[in-house]
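In the numbering used here, the protein residues as written are 5 to 234.
Even for Gly, the Cβ is constructed at its ideal location relative to N, Cα and C.
Since the structure is predicted, the reported quantities are computational estimates derived from the model, not experimental observations.
Scroll down for the structure; my scribbles are underneath it.
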């Protein structure tokens, strides 16, 4: 059984769909708890979470801080970190259950973690190009981002030190500690809202993400990167 941790900040437009995709898993007994780690929402986000029976923790804004706070409330041996604008497509339950059973049977639960494939809920050439580029980045550099979700045992997560309280790149920071050999890519996809890409433009958003990643690998402090890119 697993705990799903979702960081939120004014996510009323996407949160219902994200949580609705988890309902069959809750009914099946795979998901035993959903924790909403909220960074100060002023819309209906917390009302939605409360109505759907989620546990809620209020914490300072910042995805790394929020994810870590949510994980501390987890009651189950497996954690699934999921963004509030991301929906898991059909078939994810079967793959997650199979992954957990496989690594536990092999005694690898403290060495393996899994992520989903990346997809956007948009049509056309640009979203398909971005999906292909993300697939290439994962294949070459083993660097999935947080919008691909992260399935990890709580013991493994805690042994690695968990999410660090940094304002961005918290996902890359953790998967680097997991390491290439410790990551498994599931076939099911995490379908993320393309609203941010449509709003700022695909090329501008892709350039921003690449810039953040480059500066992070050049050891520029995340607090400086967030000042540059917002």
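How would you call residue i, buried or exposed, if buried means at least 16 neighbouring beta carbons within 10 angstroms?
i           : result
residue 23  : buried
residue 55  : exposed
residue 225 : exposed
residue 207 : exposed
residue 165 : exposed
residue 287 : Nothing about residue 287 can be read from this structure; the chain reaches only from 5 to 234.
residue 233 : exposed
residue 57  : exposed
residue 204 : exposed
residue 5   : exposed
residue 85  : buried
residue 46  : exposed
residue 3   : The chain is shown from 5 up to 234; residue 3 falls before or after that span and cannot be answered.
residue 218 : exposed
residue 3   : Outside the shown range of the chain (5 to 234) lies residue 3, about which nothing can therefore be said.
residue 172 : buried
For residue i, which of the options has the nearest alpha-carbon?
i           : options           : result
residue 9   : 179, 79, 111, 225 : 79
residue 126 : 119, 120, 135     : 135
residue 177 : 222, 65, 20       : 222
residue 115 : 123, 122, 27, 106 : 106
residue 160 : 182, 211, 218     : 182
residue 20  : 70, 92, 186       : 92
residue 167 : 231, 89, 69       : 69
residue 7   : 150, 130, 36      : 36
residue 193 : 138, 63, 52, 50   : 138
residue 59  : 65, 67, 49        : 49
residue 77  : 158, 199, 200     : 158
residue 213 : 175, 39, 103, 104 : 175
residue 14  : 62, 28, 38        : 62
residue 147 : 184, 66, 103, 38  : 184
residue 27  : 51, 97, 65        : 97
residue 170 : 51, 195, 40, 66   : 66
residue 120 : 195, 141, 201, 16 : 195
In terms of residues, what are the limits of the beta strand (DSSP E) holding residue i?
i           : result
residue 7   : 6–12
residue 156 : 154–157
residue 84  : 82–85
residue 95  : No beta strand (DSSP E) holds residue 95; DSSP gives it neither H nor E.
residue 122 : 117–124
residue 59  : 59–62
residue 36  : 35–42
So residue i packs on residue j, CB below 8 Å; how close in whole Å?
i           : j           : result
residue 11  : residue 111 : At roughly 31 Å, the Cβ-Cβ gap does not stay under 8 Å, so residue 11 and residue 111 are not in contact.
residue 190 : residue 99  : 5 Å
residue 118 : residue 188 : 4 Å
residue 90  : residue 42  : The pair is not a contact, with the Cβ atoms about 16 Å apart (cut-off 8 Å).
residue 71  : residue 156 : Contact flag wrong, Cβ pair sits at about 11 Å.
residue 18  : residue 88  : 6 Å
residue 198 : residue 140 : In fact, because the Cβ distance is near 19 Å, the residues do not count as touching under 8 Å.
In the DSSP assignment, find the alpha helix (DSSP H) that holds residue i and state where it starts and stops.
i           : result
residue 196 : No alpha helix (DSSP H) holds residue 196; the beta strand (DSSP E) holding it covers 187–196.
residue 137 : 129–145
residue 171 : Here residue 171 belongs to no alpha helix (DSSP H), and DSSP marks it neither H nor E.
residue 215 : 206–221
residue 32  : 27–32
residue 56  : Taken as a continuous stretch (DSSP letters only), residue 56 belongs to no alpha helix (DSSP H), as it is neither H nor E.
residue 231 : 226–233
residue 76  : 67–76
residue 24  : 16–24
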